[in-house]
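To start, the structure under review is shown below, and the notes come after it.
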Amino acid sequence: MKNIWILTWFTLKEAMARKVFIFFFIISLLAILITGLVFALSSNINVIAGGFKNMPFNNPVTMIEMMIVSPLSSLCLLLAIFASASFVPVMLEKGNIDLLLSKPVSRDQLLWGKFFGGILVVLLNIAFLVLGVWLIISIKFSNWNFSFLNIILSVTFTFAVLYSLMILFGVLTKSSTAGMMVAYFVFIILSPLLFAAKDKFYGMIESGFVKALIDIFYYIIPKTSELLGNITTDIISGKSIENYQPILTSFAFLLLTMGISISIFRKKDF
Amino acid sequence: MSLNVIETSDLTKIYSSSFGKRKVEALTNLDLNVSGGMIFGLLGPNGAGKTTLIKLLLGITFPTSGSAKILNKNIGNYNVKDKVGYLPENHKYPPYLSGGDVLQLFGKLSGMDGTELEKKIDEMLQLVQLSKWKKTKVKNYSKGMMQRLGLAQAMINDPDLIFLDEPTDGVDPIGRKEIRDILIELKNKGKTIFLNSHLLSEVEMITDRVGILNKGKLLREGTVKELTEKKEEYKIAIEGDTVYTLPADFVLKINLKKMDKDYYSFKVDNTLELNNALDVLRNNGIIIKEMTQQKNTLEEMFISLIKEAEKENVQ
Numbered sequence: 002m003k004n005i006w007i008l009t010w011f012t013l014k015e016a017m018a019r020k021v022f023i024f025f026f027i028i029s030l031l032a033i034l035i036t037g038l039v040f041a042l043s044s045n046i047n048v049i050a051g052g053f054k055n056m057p058f059n060n061p062v063t064m065i066e067m068m069i070v071s072p073l074s075s076l077c078l079l080l081a082i083f084a085s086a087s088f089v090p091v092m093l094e095k096g097n098i099d100l101l102l103s104k105p106v107s108r109d110q111l112l113w114g115k116f117f118g119g120i121l122v123v124l125l126n127i128a129f130l131v132l133g134v135w136l137i138i139s140i141k142f143s144n145w146n147f148s149f150l151n152i153i154l155s156v157t158f159t160f161a162v163l164y165s166l167m168i169l170f171g172v173l174t175k176s177s178t179a180g181m182m183v184a185y186f187v188f189i190i191l192s193p194l195l196f197a198a199k200d201k202f203y204g205m206i207e208s209g210f211v212k213a214l215i216d217i218f219y220y221i222i223p224k225t226s227e228l229l230g231n232i233t234t235d236i237i238s239g240k241s242i243e244n245y246q247p248i249l250t251s252f253a254f255l256l257l258t259m260g261i262s263i264s265i266f267r268k269k270d271f
Numbered sequence: 037m038s039l040n041v042i043e044t045s046d047l048t049k050i051y052s053s054s055f056g057k058r059k060v061e062a063l064t065n066l067d068l069n070v071s072g073g074m075i076f077g078l079l080g081p082n083g084a085g086k087t088t089l090i091k092l093l094l095g096i097t098f099p100t101s102g103s104a105k106i107l108n109k110n111i112g113n114y115n116v117k118d119k120v121g122y123l124p125e126n127h128k129y130p131p132y133l134s135g136g137d138v139l140q141l142f143g144k145l146s147g148m149d150g151t152e153l154e155k156k157i158d159e160m161l162q163l164v165q166l167s168k169w170k171k172t173k174v175k176n177y178s179k180g181m182m183q184r185l186g187l188a189q190a191m192i193n194d195p196d197l198i199f200l201d202e203p204t205d206g207v208d209p210i211g212r213k214e215i216r217d218i219l220i221e222l223k224n225k226g227k228t229i230f231l232n233s234h235l236l237s238e239v240e241m242i243t244d245r246v247g248i249l250n251k252g253k254l255l256r257e258g259t260v261k262e263l264t265e266k267k268e269e270y271k272i273a274i275e276g277d278t279v280y281t282l283p284a285d286f287v288l289k290i291n292l293k294k295m296d297k298d299y300y301s302f303k304v305d306n307t308l309e310l311n312n313a314l315d316v317l318r319n320n321g322i323i324i325k326e327m328t329q330q331k332n333t334l335e336e337m338f339i340s341l342i343k344e345a346e347k348e349n350v351q
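If you want it as structure tokens, here you go:
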């Protein structure tokens, strides 16, 4: 456990040295400033909320928060994937991995250390961005919706699921690009597509084979769309989560992917 | 410590290329024992399997067959490495860390902590003369400084067994001498050092035993003295130019050759022949002032051994 913590801590140091925090800070600050500027220019809360009449919320502040959730969480995740893509491939570079493996550290600990390190880096950065936006909204409208802060957890969890996939590709290819591309592909294309197929078009499909295919992929692939969509919306608006399936299947995906990564890493020659 | 700290038995490593089409035998049925408290030098041309052997012993690479132990524990047990140090060839430290940070990371991973670690970091940096560079990022270190830091890293956990892969690579002559002195000091403290090096003259200077590896096979192993002795070739110094008194067939038989001034060399097949030759020399009035067994340099021995092995492979 101690070794995992040491590696987690040094991953945090690595992120600081690679200017991940500065990069995140600048982008987050920009996002916070833009949010602040929009609200500063709009003196009447109902004017802002009025643009979103179709949303099922009575409280205009909640309405505003809802409109921010999607771009905010997407931005967070895009940045997080980009910032953490190199953690495992860099560790596996020749000369670096030799040294780490020559120490009394198990290969499992090395991978878990990098996993938790990446999550910690992302958690801290997302917390900064979300807290900033939340403070502006709360101060501006004197409405302190603490549930909004749950975005931090939902984005971090979604990231953790995708990060496990990036680790698997990192171990397989030692390339940060491959992991990053796969994570973006799942997040931007595959997950929304499967969600739409399952949610919107499933009833219209007649072929049993196609339905089975959609089902298989839908349950295997992490459900980033739902995690950052319905589930995050439910959490922020203070509702109880209607369907835990996306959380549970995504978590199972995380465990399975990490298990495969560890199993490959245990046998890999360097 | 005189027990074996490294033991390998039939250790074999075969690397397979993608889809297993091409196989490279990096190490073949290696049996090697290294006792504690010595400096062991492993020599061999590029691709001989020297680095592979270290990687196998440290669990960085896995054997195809055979077994090995270090410090009396199976190499599969990663806990054995808390008493092992390693300086890889072309090591790479995270460039964003300072020299002190590097030692802290690897010290912590070796189970050290707190003031004990801080004290050890300062001690090690002083030993390799990098104290004033403690807070400098390693990306600003020269090659020689990186090697010295690597050595400090390999010693941070006070290991009993240290693997050094080309430790003087890129280090200037003064730095090399300093590293040699450190290694001798470590040996005097009872540590075992396993050294891979291309610099044969350096290996000759400090190692107690040497192994010669070529194409994954151990060609010879022994003390430097054993390996460099020319079997049954002697050098004698005689008084006056009196060899003309010797029978011609005797001169031919022992291949007596003038080397320099009063010095001659000759060859015999065994100790009995040596004594017979000395009798003939004395009986013919030759006064022997000095006699020594001829020696090769390690480099000469190494080159001839590798060439021999190459010839055998061709045949």
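These protein sequence lines are chains A and B, in that order.
The C-terminal residue of the first sequence carries number 271 in this note's numbering, and the numbering is unbroken.
The C-terminal residue of the second sequence carries number 351 in this note's numbering, and the numbering is unbroken.
All C-beta atoms, glycine included, are put in the ideal place defined by N, C-alpha and C.
None of the values given here were measured: they were computed from a predicted structure.
Can you tell me which residues form a DSSP beta bridge with residue i?
i: Thr281(B); result: According to DSSP, Thr281(B) bridges with nothing at all.
i: Phe302(B); result: Tyr270(B)
i: Val174(B); result: DSSP lists no partner for Val174(B).
i: Thr228(B); result: Leu197(B)
i: Met2(A); result: Answer is none; Met2(A) lacks a bridge partner.
i: Arg256(B); result: Ile248(B)
Does chain A have any CB closer than 8 angstroms to the CB of residue i?
i: Lys261(B); result: no
i: Phe98(B); result: yes
i: Phe142(B); result: yes
i: Val120(B); result: yes
i: Gly147(B); result: yes
i: Tyr132(B); result: yes
i: Pro124(B); result: yes
i: Tyr114(B); result: yes
i: Lys117(B); result: yes
i: Lys171(B); result: no
i: Lys128(B); result: yes
Could you check what DSSP says for residue i in three-state terms: helix, strand or coil?
i: Asp205(B); result: coil
i: Asp296(B); result: strand
i: Ala84(B); result: coil
i: Gly247(B); result: strand
i: Val164(B); result: coil
i: Phe76(B); result: strand
i: Ile65(A); result: helix
i: Ser264(A); result: helix
i: Lys14(A); result: helix
i: Lys57(B); result: coil
i: Met37(B); result: Unreliable positioning characterises Met37(B) in this predicted model, as indicated by a pLDDT of 48, which lies under 50. The coordinate reading is nonetheless provided below. Met37(B) falls in the coil class under three-state DSSP.
i: Ser233(B); result: coil
i: Leu154(A); result: helix
i: Gly239(A); result: coil
i: Ile248(A); result: helix
i: Asp270(A); result: coil
i: Glu159(B); result: helix
i: Gly211(B); result: helix
i: Gly136(B); result: helix
Contact check, residue i vs residue j under 8 angstroms by CB: the rounded distance?
i: Glu269(B); j: Lys303(B); result: 5 angstroms
i: Asn232(B); j: Gly96(A); result: Not a contact, Cβ separation roughly 15 angstroms.
i: Tyr129(B); j: Val138(B); result: 5 angstroms
i: Leu79(B); j: Ile248(B); result: 5 angstroms
i: Ala161(A); j: Ile120(A); result: 5 angstroms
i: Lys119(B); j: Asp196(B); result: 5 angstroms
i: Ile75(B); j: Thr243(B); result: 5 angstroms
i: Asn4(A); j: Val172(A); result: Actually they are not in contact, since the Cβ atoms of Asn4(A) and Val172(A) sit about 18 angstroms apart, beyond 8 angstroms.
i: Cys77(A); j: Val156(A); result: 5 angstroms
Kindly say whether residue i, judged by its beta-carbon, lies nearer than 8 angstroms to any beta-carbon of chain B.
i: Val70(A); result: no
i: Asp109(A); result: no
i: Ala18(A); result: yes
i: Val122(A); result: no
i: Pro105(A); result: yes
i: Ile265(A); result: no
i: Gly96(A); result: yes
i: Leu93(A); result: no
i: Leu100(A); result: yes
i: Lys268(A); result: yes
i: Glu66(A); result: no
i: Asn126(A); result: no
Entirely within the segment 76-134 of chain A and at least 4 residues each: give me those alpha helix (DSSP H) ranges in chain order. 88-92, 98-102
My parser needs the alpha helix (DSSP H) runs of 4 or more residues fully inside the segment 156-232 of chain A; what are they? 177-185, 192-197, 209-221
Ignoring anything shorter than 3 residues or poking outside the segment 82-118 of chain B, list the beta strand (DSSP E) runs there in chain order. For the segment 82-118 of chain B, whole beta strand (DSSP E) runs of length 3 or above, ordered along the chain, are 101-106.
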